Amino acid sequence: MKNLIIIFIFIFMGKTHAQTFESMKFDDIKLQYDEKDDTLYVVNFWATWCKPCIEELPSFENCHQKYKENKVKIILVNLDFNSKFDLLVIPFIQKRKIESKVIHLTDTDSNTWINKVDSAWSGAIPATVLIKNGNKTFFKEGTVTQTELEEIINNHLK
Amino acid sequence: MKKIICILIAITLKISTQAQGYKIGDAAGDFSLLNVDGKKVSFADYKEAKGFIVVFTCNHCPFSQAYESRIMELDKKYSRKGFPVIAINPNDAIAVPDDSYENMKTVASEKKYTFPYLVDETQEIAKQFGATRTPHVFILKKEGDKNTVKYIGAIDNNTEDSQLADKKYVDTAVEAILSDKNPAIAETKAIGCTIKWKK
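So the protein lines, in turn, are chains F and Z.
Number 339 marks the last residue of the first sequence (our numbering); no jumps.
Number 297 marks the last residue of the second sequence (our numbering); no jumps.
This is the structure in C-alpha cells:
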C-alpha cells in the first residue's frame, strides 16, 4: 500500500511539471509553429550530441522565462535518433530542467523536410527559425546568441 | 561615392561566392592534403580514376560515425570501378580534440580504412567545396583535365539505420555516372554536425 501511495505521489509530481514529451513528424510540428495566433514561434533544431546546440540552449531557456507574459513560444525540435529519445533525451531534459516545449522529430529521411524549414539550410545544426502567423521572419544556420535572440524578439513585440 | 559602392559590391560578391562553394557542373580545384600515412594526396595522383567520392567527415560526430561503415563500403564497391573515396576532416582540432591528426590516425588504423583520410588543416578546401557539415559528400567526374561536380549531399536517406535506407543517393549517382548519365537526384540535404571552423 505504501508503495502504491509513493507511486501516486510520483505520478502527481510528474504531472505538475510543465514539460511533456511529444514525438511527431515534421509536418505536424510545422502545423504547430505555423499557427495563425499572433504568437511569435522561436523554433530551434538541436540534438544532445551537438555541442554548439547544448551551449546555446540556456539562451532559449532564458527567453522562455523572460517572455512568458508575451505572445512568444519557444519550440526546441530534437533531432536525436528515434531510439535515443527515451534513453538519452528525456533524462537530459529532466536533468537540465528544461521548461521550453521540446518536440522530438520522428522523420528518418531529413532530405524530405529540411527545405520546408528554409531552402538556405544545409542541414547542419544548430539552426533557428522565427515564424509569426505562418510567415518566416528569421532563419539562421549556426549559433544564435542571447542578445541576438532578444533583439529579434523585441523587434516583434514593438 | 561611386567608388565606395563598387567596393561594397565587390565585397558582397566575394562573400557570396565564398559562402556558396561548388554547384553542380562546377570544376573542382585540386588540393594537396596530408593523409594519415604522412603523405600528401591530390586528385592528380589518381591517374586511372574516373572520378571521386569526396566525403567531408570526422571522428567525433555521431552522424559521421553512423555512416563510417557505409563510407568504407562505398570505397570497396566503387574504387575498383574508378570512383575511390577520399575522406577529408575539416574540423578545427582545437575546438574538437577528438578530430586531431593523431586521433584521425588511430581511427583510420583501427577501422582499417582502405581510402585516404586527409586533414584540411587550413579549412580552405572545405570552404572551397562549400562543405558545411559532416558527413557531406561531393561526387566528381573526370572530364578531360577537369573534375566536374556531379552530386552534392547525403549518402542515403536513413542515418540511424542503414537497413532502412531505401534511397541510396551516392550509389545511385555513381551508377548513373558510370553509365554516362547525370544523376537524376543531384542534390540532397541531411542533418549533420556543423563543421567546427577556426575562431
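Just so you know, even glycine gets a beta-carbon here, dropped at the ideal spot from N, CA and C.
All values reported here derive from a predicted model rather than from experimental measurement.
Only counting the same chain, and skipping five residues up and downstream in sequence, which positions put a Cβ closer than 6 Å to that of Z:Ile-275? Excluding the 5 residues flanking it on each side, Z:Ile-275 has same chain C-beta neighbours closer than 6 Å at Lys-239, Lys-248, in chain order.
Where does F:His-198 land, buried or exposed, given buried means 16+ other C-beta within 10 angstroms? Annotation note: pLDDT 48 at F:His-198 (below 50); position unreliable, coordinate value reported separately. Of the residues assessed, F:His-198 falls on the exposed side of the cut-off, its CB having fewer than 16 other CB atoms within 10 angstroms.
Residue nearest to Z:Asn-201 in terms of C-alpha spacing, selected from Z:Val-217, Z:Tyr-176, Z:Thr-292: Z:Asn-201 has its Cα closest to that of Z:Val-217, out of Z:Val-217, Z:Tyr-176, Z:Thr-292.
Alpha-carbon to alpha-carbon, F:Ile-279 and F:Ser-291: Those two C-alpha atoms are separated by around 25 Å.
Sequence-distant residues of its chain with Cβ nearer than 7 Å to Z:Trp-295 (five each side left out): Taken in chain order, the residues that qualify are Asp-190, Gln-221.
Distance check for Z:Asn-157 and Z:Val-205, CA to CA, integer angstroms please. Going from the Cα of Z:Val-205 to the Cα of Z:Asn-157 covers about 7 Å.
Measure the Cβ-Cβ separation of F:Lys-252 and F:Asp-219 and say whether it is below 7 Å. Against a cut-off of 7 Å, the Cβ pair of F:Asp-219 and F:Lys-252 comes out as a contact.
Which residues, in order along the region 242 to 271 of chain F, keep a beta-carbon less than 8 Å from a beta-carbon of chain Z? Cβ contacts with chain Z come from Leu-260, Phe-262, Asn-263, Ser-264.
Our contact map puts Z:Asn-256 next to F:Thr-287 with C-beta atoms below 8 Å; I'd like the distance itself, whole angstroms only. Z:Asn-256 to F:Thr-287, Cβ: 12 Å. No contact.
What in chain F is Cβ-close to Z:Arg-231, meaning under 7 Å? Within 7 Å Cβ-Cβ: Ser-303, Gly-304, Ala-305.
Can you pull the DSSP bridge partners for Z:Met-202? Residue pairing of Z:Met-202 in beta bridges, as defined by DSSP: absent, with no partner found.
Which residues of chain F have a Cβ atom closer than 7 Å to the Cβ of Z:Ile-289, listed in chain order? Those within 7 Å of Z:Ile-289 in chain F are Leu-260, Ser-291, Gly-304, Ile-306.
Run through chain Z and tell me which residues come within less than 7 Å of F:Ile-295, C-beta to C-beta. Near F:Ile-295 (Cβ distances below 7 Å), the residues of chain Z are Lys-287.
Beta-carbon proximity check, F:Val-258 vs F:Phe-226, cutoff 7 Å: Taking 7 Å as the Cβ cut-off, F:Val-258 and F:Phe-226 qualify as a contacting pair.
Kindly say whether F:Trp-230, judged by its beta-carbon, lies nearer than 7 Å to any beta-carbon of chain Z. At least one chain Z Cβ lies under 7 Å of F:Trp-230.
Reducing DSSP to helix, strand and coil, say where F:Ile-306 ends up. Here F:Ile-306 sits in strand by DSSP.
What number of angstroms, rounded off, separates the C-alpha of F:Ile-334 from the C-alpha of Z:Ala-229? Near 31 Å, if we compare the C-alpha coordinates of Z:Ala-229 and F:Ile-334.
Cβ-based contacts, 7 Å cut-off: residues of the region 144 to 163 of chain Z near chain F: If you check each beta-carbon in the region 144 to 163 of chain Z against every beta-carbon of chain F, the ones closer than 7 Å belong to Pro-160.
Let me see if you follow: with CB-CB separation under 7 Å, is Z:Thr-292 close to chain F or not? Yes, its Cβ sits closer than 7 Å to a Cβ of chain F.
If you measure between the beta carbons of Z:Lys-65 and Z:Gly-180, is that distance less than 7 Å? There is no way to answer for residue 65 of chain Z, as the model of chain Z reaches only from 99 to 297.
Counting only runs of 3+ residues fully inside the region 115 to 158 of chain Z, write out the beta strand (DSSP E) ranges in chain order. Complete beta strand (DSSP E) runs here, min 3: 131 to 133, 149 to 154.
Name, going along the chain, the residues of the region 254 to 273 of chain Z whose beta-carbon falls closer than 7 Å to a beta-carbon of chain F. Of all residues in the region 254 to 273 of chain Z, only Asn-255, Asn-256, Glu-258, Leu-262 place a beta-carbon less than 7 Å from a beta-carbon of chain F.
Span of the alpha helix (DSSP H), counted from its first residue to its last, around Z:Ile-223: Start and end: 222 to 227.
Threshold first: 4 residues or longer. Then list the alpha helix (DSSP H) segments lying entirely within the region 207 to 255 of chain F, N to C. The region 207 to 255 of chain F is shown to contain whole alpha helix (DSSP H) runs of 4 or more residues at 207 to 214, 232 to 247, in chain order.
Please compile the residues from chain Z whose C-beta is within a distance smaller than 7 Å of the C-beta of F:Pro-233. Against chain Z, the beta carbon of F:Pro-233 has neighbours under 7 Å at Thr-292, listed in chain order.
Roughly how many angstroms separate the alpha carbons of F:Gln-275 and Z:Phe-150, rounded to a whole number? If I take the Cα positions, the gap works out to 46 Å.
Taking CB distances under 7 Å as the criterion, tell me whether F:Met-194 reaches chain Z. Only weak support is given to the placement of F:Met-194: the predicted model assigns it a pLDDT of 48, under 50, and the value that follows is read from those uncertain coordinates. Not one chain Z Cβ lies under 7 Å of F:Met-194.
Output the distance between the C-alpha atoms of F:Cys-234 and Z:Met-170, rounded to the nearest integer angstrom. So the alpha carbons of these two residues sit roughly 29 Å apart.
For F:Lys-317, which residues from the same chain have a beta carbon less than 8 Å from its beta carbon, with the 5 sequence-adjacent residues on both sides left out? Around F:Lys-317: Asp-299, Val-310, Leu-311.
Of all the beta strand (DSSP E) runs that stay within the bounds of the region 255 to 338 of chain F, which reach a length of 3 or more residues? Counting only runs of 3 or more, we get 282 to 286, 308 to 313, 316 to 322.
May I have the straight-line CA-CA distance separating F:Val-283 from F:Thr-201, to the nearest angstrom? In a straight line, the C-alpha of F:Val-283 is about 8 Å away from that of F:Thr-201.
Buried versus exposed, by CB contacts within 10 Å (16 or more), Z:Arg-178: By the neighbour-count criterion, in which 16 or more other beta carbons inside 10 Å mark a residue as buried, Z:Arg-178 falls on the exposed side.
Backbone secondary structure at Z:Thr-270 - three-state DSSP: Collapsing the DSSP output to three states places Z:Thr-270 in a helix.
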